[in-house]
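These notes are about the structure you will find just below.
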Amino acid sequence: MLAAQSRLGRLVSPTLRRHLLLALGAAVLLVLLSAQIGAYDDYNLTAVAIFVVAAAGLNLLTGLNGQLSLGHGALMAIGAYTASLLLKDYQLPVVVVLLASVLSTGLIGIVFGYAAARLRGPYLAGATLTLAVALPQVATRYKDIFGGESGLSVPPTQPPAWLGADFPPERWLAWIALAAAVVTIMLLANLLRSSTGRDFKAVRDNEAAAALAGINVARTHVLAFVISAACAGLAGALFAYWSGVTAPAGLGLGLSLQLVTAIVIGGLGSLAGAAWGSLVLVVVPALTGGMASTLNLPSAIANNLPLAIYGGILVIAMLVAPHGIQGALVRIFAIGRARWGHTPAAGQKGVVDWDDPAPDS
Amino acid sequence: MDGTASWIRGIAIVSVVGLLAACGNPSSSNENSGTNTASAPGITATTITIGSTQPLTGPAAPGYSEIAPASNAYFVYLNQHGGVFGRKILYEYFDDGYNPTNTASVTRKLILETKVFAMFSALGTPTHLAVVDYINSEKVPDLFVSTGCNCWNNVSKYPETFGWQPDYTIEGKILGQYIKQNLSGKKVGYFFQNDEFGLDGVKGLDDQLGASSVPSERRQNYVPTNTNVGNQIGALQASGAQVVVSYSIPAFTALALLSAAKLGYHPIWVVSSVGSDVTTLTGLLKAFSKGAVGGQLLGGMVTDAYLPLVGDSSNPWITLFKGIHDQVIPGLPWDGNVLYGMAQAYTLAQAFKAAGRNPTRSSFVKSLESGKLSNGPGLAPFGYSSDNHLGFLGVQVATIAADGTETTAGPVYTSSDSGPIAQYSGSASSPPANGIP
Numbered sequence: 200m201l202a203a204q205s206r207l208g209r210l211v212s213p214t215l216r217r218h219l220l221l222a223l224g225a226a227v228l229l230v231l232l233s234a235q236i237g238a239y240d241d242y243n244l245t246a247v248a249i250f251v252v253a254a255a256g257l258n259l260l261t262g263l264n265g266q267l268s269l270g271h272g273a274l275m276a277i278g279a280y281t282a283s284l285l286l287k288d289y290q291l292p293v294v295v296v297l298l299a300s301v302l303s304t305g306l307i308g309i310v311f312g313y314a315a316a317r318l319r320g321p322y323l324a325g326a327t328l329t330l331a332v333a334l335p336q337v338a339t340r341y342k343d344i345f346g347g348e349s350g351l352s353v354p355p356t357q358p359p360a361w362l363g364a365d366f367p368p369e370r371w372l373a374w375i376a377l378a379a380a381v382v383t384i385m386l387l388a389n390l391l392r393s394s395t396g397r398d399f400k401a402v403r404d405n406e407a408a409a410a411l412a413g414i415n416v417a418r419t420h421v422l423a424f425v426i427s428a429a430c431a432g433l434a435g436a437l438f439a440y441w442s443g444v445t446a447p448a449g450l451g452l453g454l455s456l457q458l459v460t461a462i463v464i465g466g467l468g469s470l471a472g473a474a475w476g477s478l479v480l481v482v483v484p485a486l487t488g489g490m491a492s493t494l495n496l497p498s499a500i501a502n503n504l505p506l507a508i509y510g511g512i513l514v515i516a517m518l519v520a521p522h523g524i525q526g527a528l529v530r531i532f533a534i535g536r537a538r539w540g541h542t543p544a545a546g547q548k549g550v551v552d553w554d555d556p557a558p559d560s
Numbered sequence: 067m068d069g070t071a072s073w074i075r076g077i078a079i080v081s082v083v084g085l086l087a088a089c090g091n092p093s094s095s096n097e098n099s100g101t102n103t104a105s106a107p108g109i110t111a112t113t114i115t116i117g118s119t120q121p122l123t124g125p126a127a128p129g130y131s132e133i134a135p136a137s138n139a140y141f142v143y144l145n146q147h148g149g150v151f152g153r154k155i156l157y158e159y160f161d162d163g164y165n166p167t168n169t170a171s172v173t174r175k176l177i178l179e180t181k182v183f184a185m186f187s188a189l190g191t192p193t194h195l196a197v198v199d200y201i202n203s204e205k206v207p208d209l210f211v212s213t214g215c216n217c218w219n220n221v222s223k224y225p226e227t228f229g230w231q232p233d234y235t236i237e238g239k240i241l242g243q244y245i246k247q248n249l250s251g252k253k254v255g256y257f258f259q260n261d262e263f264g265l266d267g268v269k270g271l272d273d274q275l276g277a278s279s280v281p282s283e284r285r286q287n288y289v290p291t292n293t294n295v296g297n298q299i300g301a302l303q304a305s306g307a308q309v310v311v312s313y314s315i316p317a318f319t320a321l322a323l324l325s326a327a328k329l330g331y332h333p334i335w336v337v338s339s340v341g342s343d344v345t346t347l348t349g350l351l352k353a354f355s356k357g358a359v360g361g362q363l364l365g366g367m368v369t370d371a372y373l374p375l376v377g378d379s380s381n382p383w384i385t386l387f388k389g390i391h392d393q394v395i396p397g398l399p400w401d402g403n404v405l406y407g408m409a410q411a412y413t414l415a416q417a418f419k420a421a422g423r424n425p426t427r428s429s430f431v432k433s434l435e436s437g438k439l440s441n442g443p444g445l446a447p448f449g450y451s452s453d454n455h456l457g458f459l460g461v462q463v464a465t466i467a468a469d470g471t472e473t474t475a476g477p478v479y480t481s482s483d484s485g486p487i488a489q490y491s492g493s494a495s496s497p498p499a500n501g502i503p
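Residue numbers (my numbering), protein chains in the order written: chain V, 200 to 560; chain R, 67 to 503.
Structure, rendered in structure tokens:
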């Protein structure tokens, strides 16, 4: 009996147990939240969850492994087209579609990851940028398969009958996306606490030192790229369900840049940062979008105002919180702790480490 | 970490700058007397709220971004003159940047949050295709889509969706007939947008000219995300095409004209009404060539119209709409896009008038299908019936002179996607004295 318990204990490590509990708690809270808000807010909540999946994956690659990808929008496109092509010919359960997209994008991630592992810094950014620019063109070139500029339409997911006839489909999709986001975050959080996660950070901070410590640098790079691509694929498939259409214009360079924006605004290297950044990406345009027809401005100004305000907020956020929202929150907590006399985990009492206020988490 | 983080941050800032630059209750519908009730979602005793998605920014914004403000200007005028059955029309339109994903999101905002009575004038074929299933599944009337794709005329699949402008195939047939009759013997080439817009147009042209008479090297297409059209125009030049029919949005008509001018290629241009507005094109030509050329490149162009010509100051519809323009939106140019938006708004006002005092969504659609609407400012009649959701059924060919003046050539023709072309014998109507139906 005791032996069985300890075996179970080994199987489910304290970290995993803690993450499982946290994930369960988060899931319950999110489901309660989604039931309180209207259908359109559920729709926006779905968008946040989708961005969380993609941004968390990107943050693993960029914030924790030091590789910048400007091509994650294209990886999302691979996931989205995989889902749309499957749904065009077959009626498949959501889970199957999502897994297929994760697999297909992960496979492409392996191929691309091998190439990417040879490139550093701006060269890698350039190579991934090429992917973001070139891939949507494939859809217009092979119009018969991918539907060209108009794209492929994606049938909506219908809520199961036991939820009742009046259950809004937007809320059902929100649940699916939130489940995907919670599972992704939990798996990534586990990974980061493992030796693999420590390898990622070691490679990011100093490749030579990591290699001397016996870490296979190239393999670590490829692995980070593949995991990150798989997340983008999952986000892409959810994106296809969410928008109801998979078209190149929605999956272009702009999307890739939005994801980079999300992790920088939210906080590089932190999974919570990916969530903050995703929230900003969805909420700010939703707030500014309606201004064009409500303000009495010349149309040339009014039409571009939402974009300008959105950009302005992002620029200000970067100036005010250079370590992102998560970095700013950690810093505020650190100040609080210093004030109230608790000794910080590292360093002297009352001293805040300003240079690295956002420990990787 | 710090070095890496700072350049990643640097690239992110550049990215942001880049993003910026890319800058009821049931009540009888025929009951015209009585009191106003909140008869349907989006209708109150005093207001009717309608919504739209428009390319206010992005590749389709030049010209088209004027359409929604122009419709709104007509509604302002209408509301000042008592509205429809005493209700004011409130028009909420949002930018989708001609990006289908944005359209999907903004349309849900209008239907789920703003709770509009109907969608109106939603612009763009690829963008609207992204939401037409959703709008119909929500049973929201989808009125007067601002594109001539014949995909909107599908009563069994899209019972709520109605087209407005002549469909691209009808337009292509009438342009093709003109080429056959007036430019016979010349080699014809096509330059078209590679989606339903261009392909439907080509279908109409082929119907008249014969598919085999235009070989593949004289069929060149473009996608709106790639502004480099030099290759395609070069290929048309090399193929010896003497007439080029262009199914293009204004920005790409301008790009094609400039590429051709650069190559010293001067075919006769035949441009669908979608991409031939003189004011918009002149502005784009000047902007793209940094002032080197302007409207002179438009001289000799053949196009078509289904509304009175913008420059025809003797036409009473033009007088009415230009007056509203000068009063409500003097900051916008007076051009084909403004005329389009106002004419569409007029049709909507007619439709609300015809639907009775307290319409529901379904009684409104039924009323539209009963075919009661007169063509208003349109040159040809509407095709609306219970098995047809086509808008205007025909066009009139027009030519553009070097000084930018447009002149109509020949009679108004009507047709359908598969039927013959017929000369329209009806006469033009005049607007009511106060300008509201």
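Heads up, the beta-carbon is just placed ideally off N, CA and C, and yes, glycines get one too. Bear in mind the structure is a predicted one, so any value in this text is a computation, not a measurement.
* Asked: Along chain V, in chain order, which residues have C-beta atoms closer than 9 Å to that of Tyr-140 of chain R?
  -> Per Cβ cutoff of 9 Å: no residues; Tyr-140 of chain R is ~15 Å from chain V at best.
* Asked: Who are the neighbours of Ser-137 of chain R on chain V, taking C-beta pairs under 9 Å?
  -> Going along chain V, no residue has its Cβ under 9 Å from Ser-137 of chain R, so there is no contact; the nearest lies around 11 Å.
* N- and C-terminal bounds of the alpha helix (DSSP H) containing Gly-432 of chain V -> 416-442
* Asked: Helix, strand or coil for Ala-134 of chain R per DSSP?
  -> helix
* To do: Leaving aside the five residues before and after Glu-158 of chain R along the sequence, list all residues of the same chain whose C-beta is less than 7 Å from its C-beta, in chain order.
  => Thr-115, Gly-117, Leu-176, Thr-180 and Val-182
* **Proximal residues of chain R, C-beta to C-beta of Pro-359 of chain V below 9 Å** => Listed along chain R, no residue sits closer than 9 Å to Pro-359 of chain V by beta-carbon distance, the nearest being about 18 Å off.
* Measure from the alpha carbon of Leu-458 of chain V to the alpha carbon of each residue in V:Val-230, V:Leu-257, V:Asp-240 and V:Thr-245, then state which is nearest. => V:Leu-257
* chain R contact for Thr-327 of chain V (CB, 8 Å cutoff) -> Output row for Thr-327 of chain V: interface = no.
* To do: In the DSSP assignment, find the alpha helix (DSSP H) that holds Trp-371 of chain V and state where it starts and stops.
  => 368-392
* Can you round the beta-carbon distance between Leu-405 of chain R and Leu-363 of chain R to whole angstroms, since I take them to be within the 8 Å contact cut? -> About 22 Å separates the beta carbon of Leu-405 of chain R from that of Leu-363 of chain R, a gap too long to meet the 8 Å contact definition.
* **Contact set between the segment 144-177 of chain R and chain V, restricted to residues whose Cβ is under 9 Å from the partner** => Cβ contacts with chain V: Tyr-157, Glu-158, Tyr-159, Phe-160, Asp-161, Gly-163, Tyr-164, Asn-165, Pro-166, Thr-167, Asn-168, Thr-169, Ala-170, Ser-171, Val-172, Arg-174, Lys-175 and Ile-177.
* Asked: In chain V, which residues lie with their C-beta within 9 Å of the C-beta of Asn-260 of chain R?
  -> What Asn-260 of chain R touches in chain V: Thr-339, Lys-342, Gly-347 and Glu-348.
* Asked: Which of the residues in the segment 400-425 of chain V, read from start to end, lie with their CB under 8 Å from any CB of chain R?
  -> Arg-403 and Asp-404
* Candidates V:Leu-478, V:Arg-392 and V:Ala-431: which alpha carbon is nearest Leu-215 of chain V's? -> V:Arg-392
* To do: With DSSP as the reference, label Ala-557 of chain V as helix, strand or coil.
  => Caution is warranted here: a pLDDT of 44 is assigned to Ala-557 of chain V, below 50, making its placement in the model unreliable, and the coordinate value is therefore given only provisionally. In the structure shown, Ala-557 of chain V sits in coil (DSSP, three-state: anything other than H, G, I, E or B).
* Sort out for me which residues DSSP pairs Ser-312 of chain R with in a bridge. => R:Phe-257 and R:Val-337
* Candidates R:Pro-290, R:Asn-248, R:Tyr-234 and R:Ala-304, of which the one nearest Asp-272 of chain R by Cα -> Just measuring C-alpha positions, the residue of R:Pro-290, R:Asn-248, R:Tyr-234 and R:Ala-304 sitting nearest Asp-272 of chain R is R:Tyr-234.
* Spell out whether any CB of chain V is found under 8 Å from the CB atom of Tyr-200 of chain R. => Closer than 8 Å to some Cβ of chain V, the Cβ of Tyr-200 of chain R qualifies, so yes.
* Going by the beta-carbon positions, is the gap between Ala-523 of chain V and Val-483 of chain V smaller than 8 Å? -> According to the sequence displayed, residue 523 of chain V carries Gly and not Ala. Not closer than 8 Å, so no.
* State the CB to CB distance for the pair Tyr-372 of chain R and Pro-232 of chain R, rounded to an integer number of angstroms; the pair is presumed to be in contact (CB under 8 Å). => 5 Å
* Beta carbon of Gly-265 of chain V, beta carbon of Arg-418 of chain V: below 8 Å? -> no
* **Span of the beta strand (DSSP E), counted from its first residue to its last, around Lys-154 of chain R** => 154-161
* To do: Please confirm if Val-444 of chain V has its CB atom under 8 Å from at least one CB of chain R.
  => yes
* Asked: Any idea if Glu-283 of chain R is buried or exposed, counting beta-carbon neighbours within 10 angstroms, 16 or more meaning buried?
  -> exposed
* Which residues of chain R have a Cβ atom closer than 9 Å to the Cβ of Gly-237 of chain V, listed in chain order? -> Leu-178 and Glu-179
* **Rounded straight-line distance, which links the Cα of Val-296 of chain V to that of Val-353 of chain V** => 12 Å
* Taking one C-beta from the segment 352-360 of chain R and one from the segment 479-487 of chain R each time, how about it: are there three or more such pairs within less than 8 Å? -> no
* Using a Cβ cut-off of 9 Å, pull out every chain V residue sitting near Pro-290 of chain R, in sequence order please. => The contact set of Pro-290 of chain R on chain V, defined by CB atoms closer than 9 Å, consists of Glu-348 and Ala-448 in chain order.
* To do: Please confirm if Leu-195 of chain R has its CB atom under 8 Å from at least one CB of chain B.
  => Any reference to chain B falls outside this structure, whose protein chains are V and R.
* Mind checking if Tyr-242 of chain V is an interface residue toward chain R, Cβ cutoff 8 Å exclusive? -> Judged by the 8 Å Cβ criterion, Tyr-242 of chain V is in contact with chain R.
* Counting pairs of beta carbons, one from the segment 428-448 of chain R and one from the segment 341-354 of chain R, are three or more of them closer than 8 Å? -> Contact fails: fewer than three Cβ-Cβ distances are below 8 Å.
* State the DSSP-derived secondary structure class of Ile-487 of chain R, mapped to helix, strand or coil. => coil
* Residue span of the beta strand (DSSP E) that contains Ile-466 of chain R, given as start and end -> 460-466
* Asked: How big is the Cα-Cα spacing for Asn-278 of chain R and Gly-251 of chain R?
  -> Residue identity differs from the one stated: residue 278 of chain R is Ser in this sequence, not Asn. Ser-278 of chain R and Gly-251 of chain R: Cα-Cα distance of roughly 14 Å.
* To do: With DSSP as the reference, label Pro-425 of chain R as helix, strand or coil.
  => coil
* To do: My understanding is that Val-252 of chain V touches Leu-437 of chain V, with C-beta atoms under 8 Å, so please give their C-beta distance in whole angstroms.
  => 7 Å
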